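Numbering (my numbering), first residue to last: 8 to 373.
All C-beta atoms in this analysis are idealised placements derived from N, C-alpha and C, irrespective of residue type, glycine included.
These figures come from a predicted structure and were not determined experimentally.
What follows is a short report on a single structure.
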Ligand SMILES: *Cc1c(COP(=O)(O)O)cnc(C)c1O
């Protein structure tokens with residue numbers, strides 16, 4: 008047929024010509040599609056692309072980043088077992104651990120990103136999974152994925168890394184020795200703020216274990232959204248290059264501003280984890296934060312080009328004052344380390360000069 012775009016296969020079920028063919032299919036013997044919660048041809052196109060991009064044998068696509076996070080955690084952990092997770096992990100992932108896994112009887116150790124360089128002493132005989140995220144959510148410290156993977160592997164413990172920030176264009180955790188990589192595809196992989204999805208990639212065996220749980224949890228991706236996800240991937244390297252250049256340009260100008268206390272961007276040479284950054288990343292994306300000498304709400308309310316909102320990774324620039332988040336300490340959240348003067352920026356694809364002019368509008372309002 009020669010079609011260069013995948014077809015959107017909307018069928019929820021697939022019919023067979025004989026009961027023998029149906030029997031072989033439902034028992035997984037013929038490899039035929041049976042039911043779209045389990046497998047769908049359009050979703051499969053996305054899974055194969057993501058596996059290739061991350062350098063994994065197999066890929067899995069689900070309805071959201073959290074569907075990927077929860078399926079991975081539930082696939083590896085049972086009551087009486089032990090999880091090690093970054094204390095700076097994505098907020099809802101940390102909340103899932105606290106509100107679902109711990110009440111089910113999973114023991115949890117939370118380590119600051121810097122501690123993963125010497126993980127061995129924190130592993131126990133019942134440790135089953137190490138959950139990594141690099142750079143850290145909101146504070147952007149880089150975590151030593153290679154050292155963590157080595158220490159975990161030596162004890163037979165599996166590792167997973169959330170690679171949503173860098174995407175496989177700028178960091179490939181599987182090549183650093185990590186067993187599984189996951190993404191909120193909602194962010195850069197999709198790239199246009201019009202779909203939610205999550206992906207997992209890694210070895211055939213480990214992804215199969217996660218897929219089994221993901222199918223039971225029921226958070227399957229729609230074929231329509233899988234099509235848009237594949238379409239987003241076409242421009243991923245171009246978008247990432249632009250996000251990175253613009254975020255670096257803005258970060259450098261922010262450092263020099265008298266009303267900025269600090270810029271939290273792992274690609275800046277003075278950032279504490281920069282040596283590790285140089286080893287594990289090939290470029291920067293568009294998400295970083297800075298600490299403002301002034302009222303972050305007042306600053307953000309003056310912006311016109313940057314929109315105010317959660318999420319990130321789309322074409323449009325976004326600003327988020329950390330004080331509004333449920334993660335912050337004052338709301339009983341999971342991130343007591345978050346400074347109240349922090350503003351996160353997701354630098355989009357607009358002209359960086361327009362973005363800088365907008366930030367100057369924010370400073371002028373202080
Ligand atoms: C947004 C996000 C997630 C969750 O993804 P959803 O698609 O919103 O469910 C997971 N990890 C990180 C780092 C994120 O930013």
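{"Asked": "How far does the beta strand (DSSP E) with residue 92 in it reach, from first residue to last?", "Found": "89-93"}
{"Asked": "In or out: residue 150 buried (at least 16 other Cβ within 10 Å) or exposed?", "Found": "buried"}
{"Asked": "Taking 8 Å as the threshold, find out whether the stretch 28-44 comes into contact with the stretch 151-164 through three or more Cβ pairs.", "Found": "no"}
{"Asked": "Tell me the rounded alpha-carbon separation between residue 281 and residue 287.", "Found": "10 Å"}
{"Asked": "Whose CA, out of 42, 64, 155, 291, lies closest to the CA of residue 276?", "Found": "291"}
{"Asked": "Does residue 378 pass the burial test, meaning 16 or more other C-beta atoms within 10 Å, or should it be called exposed?", "Found": "Not covered by the structure: residue 378. The range shown for the chain is 8 to 373."}
{"Asked": "From residue 120 to residue 252, what does the alpha carbon distance come to, in whole angstroms?", "Found": "26 Å"}
{"Asked": "Should the stretch 94-106 be called in touch with the stretch 52-61, which here means at least 3 C-beta pairs below 8 Å?", "Found": "no"}
{"Asked": "Which partner residues of residue 129 appear in the DSSP bridge assignment?", "Found": "DSSP, once it has assigned bridges, lists no residue as partnering residue 129."}
{"Asked": "Tell me which same chain residues have a C-beta within less than 7 Å of the C-beta of residue 83, skipping the five on either side of it?", "Found": "135, 136, 165"}
{"Asked": "Taking the runs of the alpha helix (DSSP H) that are 4 residues or longer, which of them lie wholly in the stretch 120-201?", "Found": "152-161, 174-177"}
{"Asked": "For residue 342, count the other beta carbons within 10 Å of its own beta carbon; 16 or more makes it buried, fewer makes it exposed. Which is it?", "Found": "buried"}
{"Asked": "Measure from the alpha carbon of residue 47 to the alpha carbon of each residue in 73, 15, 33, then state which is nearest.", "Found": "15"}
{"Asked": "Looking at the structure shown, is residue 85 part of a helix, part of a strand, or coil, going by DSSP?", "Found": "coil"}
{"Asked": "In whole angstroms, what is the alpha-carbon distance linking residue 318 and residue 67?", "Found": "22 Å"}
{"Asked": "Quick one: complete alpha helix (DSSP H) runs, 4+ long, within the stretch 324-357?", "Found": "none"}
{"Asked": "Thinking just about the alpha-carbon of each residue, which of 273, 293, 263 is nearest to the one in residue 244?", "Found": "293"}
{"Asked": "Given this structure, state the Cα-to-Cα distance separating residue 270 from residue 298, to the nearest angstrom.", "Found": "6 Å"}
{"Asked": "Measuring CA to CA, which of 246, 103, 146 is closest to residue 177?", "Found": "246"}
{"Asked": "Is residue 66 helix, strand or coil by DSSP?", "Found": "strand"}
{"Asked": "Please name the residue in 279, 289, 182, 168 whose C-alpha comes closest to that of residue 191.", "Found": "168"}
{"Asked": "Please classify residue 283: is it buried, with 16 or more other beta-carbons within 10 angstroms of its beta-carbon, or exposed?", "Found": "buried"}
{"Asked": "Can you determine whether any heavy atom of ligand 1 sits closer than 7 Å to the C-beta of residue 232, and answer yes or no?", "Found": "no"}
{"Asked": "Going along the chain, which residues of its own chain have a beta-carbon closer than 8 Å to the beta-carbon of residue 56, five neighbours each way excluded?", "Found": "66, 237, 240"}
{"Asked": "Unbroken alpha helix (DSSP H) runs of length 4 or more, entirely within the stretch 222-305: which are they?", "Found": "230-241, 243-262, 281-287"}
{"Asked": "Taking the alpha carbon of residue 219 as the point to measure from, which residue in 367, 372, 75 has its own alpha carbon closest?", "Found": "75"}
{"Asked": "If we ignore side chains and look at the alpha-carbon of each, how far apart do residue 350 and residue 226 end up?", "Found": "32 Å"}
{"Asked": "Using a 10 Å radius around the Cβ and a threshold of 16 neighbouring Cβ atoms, would you call residue 87 buried or exposed?", "Found": "exposed"}
{"Asked": "From the DSSP secondary-structure annotation, give me the bridge partner or partners of residue 205.", "Found": "69, 191"}
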